[in-house]
Structures are given as C-alpha cells and as structure tokens.
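Below is one structure, written out as structure tokens; comments come after it.
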Amino acid sequence: MKQSKKKIFIACDTTQVSKVKQIIRHSKTKRLNIGFKFGLEFLNSINGRKFIKSLKNKIIFLDAKLNDIPNTMKNAVIALSDLRPNYLTVHISSGLEALKAVKSVSKKIKIVGVTTLTSLDNKNLREIGYNKSVKDLVKHQAKLANKAKLDALVCSAHEIKIIKKYFKKEIITPGISFNKIKNDQKRTTTPYEAYYKYKSDWLVIGRSITKGNIKKNLDDLIFQIIKK
Ligand code: C5P
32 MKQSKKKIFI
42 ACDTTQVSKV
52 KQIIRHSKTK
62 RLNIGFKFGL
72 EFLNSINGRK
82 FIKSLKNKII
92 FLDAKLNDIP
102 NTMKNAVIAL
112 SDLRPNYLTV
122 HISSGLEALK
132 AVKSVSKKIK
142 IVGVTTLTSL
152 DNKNLREIGY
162 NKSVKDLVKH
172 QAKLANKAKL
182 DALVCSAHEI
192 KIIKKYFKKE
202 IITPGISFNK
212 IKNDQKRTTT
222 PYEAYYKYKS
232 DWLVIGRSIT
242 KGNIKKNLDD
252 LIFQIIKK
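Start counting the sequence shown at 32; every next residue gets the next number (my numbering).
Here you go:
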C-alpha cells in the first residue's frame, strides 16, 4: 500500500532571516510534506515578521502561544492575520471564553490549542501549583479544546491516545528526538513511534534538523520513518 507523505513542521527557532532562508532552501524534498513553524524568537526579531509576510506557497505555522484575556487574544489574532498563517497556537490555559473569542475571528486560520508544554513533567507541574498529573491535565485540556471547537492540538506523543478519545481533529507533536542532539524537552519520542505507534498527524522538529547539516538530518529522518 502506498504510504501517504508524512507531515512535519520545521521549527525555525532563530532571529536570523538568513538562517530561515537556509532552512527553507535545504529542506526541499518530495518525500515529506513540510511546513515552517515560526515561534516567539523569530516573530519578535527585527526582520522576522516582514519575512514571514513575504513567504509564498508555504505552509505557515505561527507558534505565537497566545495566553491572555479574551479581548486581547481576539485582537492579537486579528493583528496577526496579515501574515496569512495556516496554523496559529493559543494556550488552552487561557480559558474557554478566550478560546471562543479567538475562534470567532480566526476565519481560515486553524487555531491550535497548546496543552501542556513538552518541557514540563509531573514535578514541574507541582512546582507551578497544578495538582493534576500531566496525563490528567492534558485530558482535561483536550475536552476544553473540543468544547471551544479548536482545529488542532499540540501535545507530546505520550498523550495522543488519551486525547483522541476527546478530540478528533489534527494532532501536532513536538518533543521529537532522532539523533544525538540534547535538548530541554522532557516528554520525548522518536519520529517512528510518533507516527506509527501514537498516530500523530504532524511532528514538530527543530534542532534535530536545523543544527548541523540540514540535508543530512532530513535524510536521516526520512530513513527512520520509512516503514520497513
Ligand atoms: O528543537 P525542538 O525540536 O525541541 O523544537 C520544538 C519546537 O516545538 C520549539 O519551537 C518549541 O517552541 C515548540 N513546542 C514545544 N512544546 C510545545 C509546543 C511547542 O516544544 N508544547
């Protein structure tokens, strides 16, 4: 059976437009569906916003991780609309009212709810005053995202199975590691597991692709996810 193309977002975490151009240039491949994710670092850099606006025919993921009162969230989405993002993140912890406010103005933009950051584990949650475990909290957040009619969710691969019971749309998974690059993620998995065992729709991969030889890193990734 022919495999459908696997989908990844490459996290362009840099302040340098030249680095993003290099990432885009070196990630041309027919074997994957690639989108580009721009987060707080690039969005807040001097030329980042202008560069995103100039992009054509690319799948754009704005990882703005909005988390504020409903009125501010709503106006922030309107303010970001000129960048024509396909996907835009909001923290589910901003609350149901804020999520609904965002959806009321999002038009074609897919609103992606961020559950619990993949850099946090149970100990870290207790530190910030949450009593629930990561799994229970993410389950709770998935139900809220469903209620707010969000279009996609971000979670670690380990929570996908639980989430799919309550949320039937796209699942996007960061916390992917497939080479020796050490990072600050806690709830990680391999790309193969994320696609085939946990059934994620999109993987978000940053440093494992963008550090070092981008083409070679992508080839390594493709080799690892081709079903044997
Ligand atoms: O370099 P690495 O592959 O760890 O990058 C992961 C990317 O995914 C980063 O841009 C990070 O901001 C983002 N992200 C995450 N965890 C979330 C949501 C987004 O790591 N829960």
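The beta carbon of each residue, even a glycine, is placed where N, CA and C say it ideally should be.
Buried or exposed by the 16-neighbour rule on C-beta atoms within 10 Å, applied to residue i
i: Asp-254; result: The sequence shown places Phe at residue 254, not Asp. So Phe-254 ends up on the exposed side.
i: Leu-127; result: exposed
i: Ile-203; result: buried
i: Lys-228; result: exposed
i: Ala-110; result: exposed
i: Ser-164; result: exposed
i: Ser-135; result: exposed
i: Ile-257; result: exposed
i: Lys-170; result: buried
i: Ile-54; result: buried
Rounded separation between residue i and residue j - CA only
i: Lys-105; j: Asp-94; result: 16 Å
i: Leu-249; j: Cys-43; result: 14 Å
i: Asn-272; j: Glu-72; result: The chain is shown only over 32 to 259; residue 272 falls outside these bounds and no answer can be derived.
i: Phe-82; j: Ile-236; result: 21 Å
i: Ile-65; j: Lys-37; result: 9 Å
i: Asn-162; j: Arg-80; result: 38 Å
i: Phe-209; j: Leu-97; result: 29 Å
i: Leu-181; j: Asp-232; result: 15 Å
i: Phe-69; j: Lys-84; result: 12 Å
i: Asp-167; j: Ser-35; result: 32 Å
i: Lys-87; j: Ile-100; result: 32 Å
i: Ile-41; j: Gly-243; result: 14 Å
i: Arg-56; j: Lys-246; result: 9 Å
i: Ile-123; j: Ile-194; result: 14 Å
i: Val-145; j: Cys-186; result: 7 Å
8 Å Cβ cutoff, residue i in contact with chain C
i: Leu-168; result: The chain inventory of the structure shown lacks chain C, comprising one protein chain alone.
Three-state secondary structure (DSSP) of residue i
i: Ala-184; result: Residue identity check: residue 184 is Leu in the sequence provided, not Ala. DSSP places Leu-184 in strand when its eight states are reduced to three.
i: Ala-179; result: coil
i: Thr-220; result: strand
i: Asn-140; result: With the sequence shown as reference, residue 140 is identified as Ile, and Asn is not the correct amino acid for it. Coil.
i: Leu-127; result: helix
i: Leu-148; result: coil
i: Lys-103; result: Reading off the sequence, residue 103 comes out as Thr, not Lys. Helix, per DSSP.
i: Gly-66; result: strand
Closer than 7 Å: residue i CB and nearest the ligand MN heavy atom
i: Lys-228; result: The ligand MN is not part of this structure, which contains only the ligand C5P.
For the pair the segment 102–120 and the segment 155–163, tell me if three or more CB-CB distances fall below 8 Å. In short, these stretches do not touch, since the Cβ pair count stays below three.
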